[in-house]
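Numbering (our numbering), first residue to last: 11 to 167.
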């Protein structure tokens, strides 16, 4: 015999079932969203890797030639599109961290036309970007950018 207690029990179990169903749908939606974001990030990273490979293949031979003959630097600069100037500085910085002496001087000359593009990064809200900008100017831009590097070193972060 069905009494008032069984109706309450059925209603309660229906609410629990509904709560569980909604929770499962929300969790599945979050899992799918995370998978989509992961996939999109992977695509972006692969695209960036392909771009770096192409840029390295373009810049590296000319840069290596320029290390022995600085007269070839204008040929290198012609290969640097405006949108890739900061990437170029990153590329040159990698070499500058491994080389010294006359080669480092040539690398500074190679970077010189593009260093002004780093100045806005000294005011970036992200600490890592500011630090990399200081490193770039400190390695490739001294003594021309001494005042900017000195000012950035006082950054409390």
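C-beta: ideal position from N, C-alpha, C; glycine also.
Here the structure is a predicted model, which means the values were calculated and not measured.
Item: When DSSP labels each residue in this structure, what does residue 154 get in the three-state scheme?; Value: coil
Item: Does the stretch 45-58 come close enough to the stretch 78-86 to have 3 or more Cβ pairs within less than 8 Å?; Value: no
Item: Answer yes or no: do residue 150 and residue 140 have a C-beta to C-beta separation smaller than 8 Å?; Value: no
Item: Going by DSSP in three states, residue 109 sits in which element: helix, strand or coil?; Value: coil
Item: Measure the C-alpha to C-alpha separation of residue 69 and residue 109 and round it to an integer number of angstroms.; Value: 17 Å
Item: Closest to residue 125 by C-alpha separation, out of 158, 136, 44, 42, would be which residue?; Value: 158
Item: Please classify residue 101: is it buried, with 16 or more other beta-carbons within 10 angstroms of its beta-carbon, or exposed?; Value: buried
Item: Using DSSP with H/G/I as helix, E/B as strand and the rest coil, what is residue 97?; Value: helix
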